[in-house]
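**Q**
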Amino acid sequence: MRRRGSCGTIQGVPELTASSLMEHHEAAKTLVSLLEGNGRFVAGEPRYKRDITSARQHALGQTPTAAVFTCIDSRVTAESVFDCDFGQLLVVRTAGHVPDRAAVGSLEFAAAELGVSLVIVLGHERCGAINAALHAVEDDTHDPRSDYLVEQLWQPASQALAEASEGEDAAPKALRLQVRRTVADLGRRANLDGVLIAGAVYDLDTGEVTLIEEN
Ligand SMILES: [Zn+2]
Numbered sequence: 001m002r003r004r005g006s007c008g009t010i011q012g013v014p015e016l017t018a019s020s021l022m023e024h025h026e027a028a029k030t031l032v033s034l035l036e037g038n039g040r041f042v043a044g045e046p047r048y049k050r051d052i053t054s055a056r057q058h059a060l061g062q063t064p065t066a067a068v069f070t071c072i073d074s075r076v077t078a079e080s081v082f083d084c085d086f087g088q089l090l091v092v093r094t095a096g097h098v099p100d101r102a103a104v105g106s107l108e109f110a111a112a113e114l115g116v117s118l119v120i121v122l123g124h125e126r127c128g129a130i131n132a133a134l135h136a137v138e139d140d141t142h143d144p145r146s147d148y149l150v151e152q153l154w155q156p157a158s159q160a161l162a163e164a165s166e167g168e169d170a171a172p173k174a175l176r177l178q179v180r181r182t183v184a185d186l187g188r189r190a191n192l193d194g195v196l197i198a199g200a201v202y203d204l205d206t207g208e209v210t211l212i213e214e215n
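Under full-length UniProt numbering, the residue at position 24 of the sequence shown is numbered 24, and the numbers go up by one with no gaps.
#1: Please name the residue in 129, 193, 125 whose C-alpha comes closest to that of residue 201.
#2: Using CA atoms only, rank isn't needed, just tell me which of 46, 66, 50 is closest to residue 24.
#3: Grab the span of the beta strand (DSSP E) containing residue 75 for me, first residue to last.
#4: Please name the residue in 148, 158, 91, 121 whose C-alpha comes closest to that of residue 198.
#5: Whose C-alpha, out of 127, 111, 154, is nearest the C-alpha of residue 72?
#6: Using a Cβ-Cβ cut-off of 7 angstroms (strictly less than) and excluding sequence neighbours within five positions of residue 5, which residues of its own chain qualify?
#7: Could you give the distance in angstroms between the alpha-carbon of residue 151 and the alpha-carbon of residue 168?
#8: Output the distance between the C-alpha atoms of residue 182 and residue 52, rounded to the nearest integer angstrom.
#9: Apart from the five residues just before and just after residue 251, which ones in its own chain have a Cβ nearer than 6 angstroms to its Cβ?
#10: Could you spell out where the beta strand (DSSP E) holding residue 124 opens and where it closes?
#11: Measure the alpha-carbon distance for residue 95 versus residue 134 and round it to whole angstroms.
#12: Express the C-alpha separation of residue 116 and residue 61 in angstroms, rounding to a whole number.
#13: Going by DSSP, what residue range makes up the alpha helix (DSSP H) through residue 148?
#14: Quick check: residue 160 and residue 177, are their CB atoms within less than 8 angstroms of each other?
#15: Can you say whether residue 63 is buried or exposed, counting buried as having 16 or more other CB atoms within 10 angstroms of its CB?
#16: For residue 58, which residues from the same chain have a beta carbon less than 6 angstroms from its beta carbon, with the 5 sequence-adjacent residues on both sides left out?
#17: Measuring only the C-alpha atoms, how far is residue 69 from residue 140?
#18: Go ahead and pull the three-state DSSP assignment for residue 170.
#19: For residue 44, tell me which candidate among 210, 212, 206 has the shortest Cα-Cα distance.
#20: For residue 69, does the three-state DSSP call read helix, strand or coil?
#21: Following a CB-centred definition, is residue 51 positioned closer than 7 angstroms to any heavy atom of ligand 1?
#22: Based on the DSSP secondary-structure assignment, which residues constitute the bridge partners of residue 96?
#23: Beta-carbon within less than 7 angstroms of residue 170's beta-carbon, same chain only, minus the 5 sequence neighbours each way: which residues are those?
This is the structure in structure tokens:
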């Protein structure tokens with residue numbers, strides 16, 4: 001059975017613009033539902049065990065309503081973070097959620113063939129890929145052409161370093177820039193008409209997911 005948002009209000013997602021939510025009502029309900037799942041995860045009260053019984057129940061079909069595009073980091077497990085069962089969430093991962101062709105194609109497939117109405121771009125703090133790009137820009141010793149990931153993350157890393165004040169850690173800024181950049185990139189490049197694309201950041205320490213505003 002397709003999982004629906006149990007709340008359906010827009011109060012849970014204040015960072016998204018009202019026009020986005022009007023335009024994507026079903027996706028907004030799904031987003032609220034996923035944020036409620038994150039609340040259960042943070043509270044230590046998960047609804048789903050995701051054990052072998054559940055795996056068997058969903059073996060013959062899936063009805064996902066959302067896709068999460070996140071980093072490969074081993075600490076960011078989307079099904080746990082949003083407290084979803086088997087069959088509820090499609091997850092696409094690349095280091096630093098760099099939207100390469102395969103990732104974009106996977107999200108397009110999720111929308112066209114599996115009917116998801118929501119894509120969450122989920123960044124996380126202490127991201128190794130983003131830190132590598134920051135170090136490469138800082139040291140100015142790395143040739144971005146020789147490293148695909150550093151090349152892809154060079155722009156947000158250099159912008160974050162340029163905008164950071166004296167002594168400020170540029171990593172949180174670079175992370176948010178990369179999330180926004182990925183959201184914008186998907187909106188431009190992918191055939192995701194009618195799909196709500198939301199940016200969010202996962203806090204490794206608290207387990208909380210926080211939406212970041214559109215711009
Ligand atoms: Zn990462």
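Quick reminder that beta carbons are idealized off the backbone N, C-alpha and C, glycines included.
**A** Looking at the atomic coordinates:
#1: 125
#2: The candidate whose alpha carbon is nearest that of residue 24 is 66.
#3: Unbroken run through residue 75: none, as it is neither H nor E.
#4: 121
#5: 127
#6: Below a pLDDT of 50, predicted positions are generally treated as unreliable, and residue 5, at 33, falls in that range; no measurement from the model is reported.
#7: So the two alpha carbons sit approximately 23 angstroms from each other.
#8: 35 angstroms
#9: Because residue 251 is not part of the residues shown, which for the chain are 1 to 215, the question remains open.
#10: Residues 118-124.
#11: 14 angstroms
#12: 15 angstroms
#13: It spans 148-163 - the alpha helix (DSSP H) in which residue 148 sits, taken as one unbroken run.
#14: yes
#15: exposed
#16: Beyond the five residues adjoining it in sequence on each side, residue 58 comes within less than 6 angstroms, by CB distance, of 86, 87 in the same chain, given in chain order.
#17: 30 angstroms
#18: coil
#19: Cα-wise, what sits closest to residue 44 is 206.
#20: Secondary structure at residue 69: strand, using DSSP grouped into helix, strand and coil.
#21: Residue 51: no, Cβ never under 7 angstroms from ligand 1.
#22: In the DSSP output, where bridge partners are listed per residue, residue 96 has none listed.
#23: 134, 160, 161, 164
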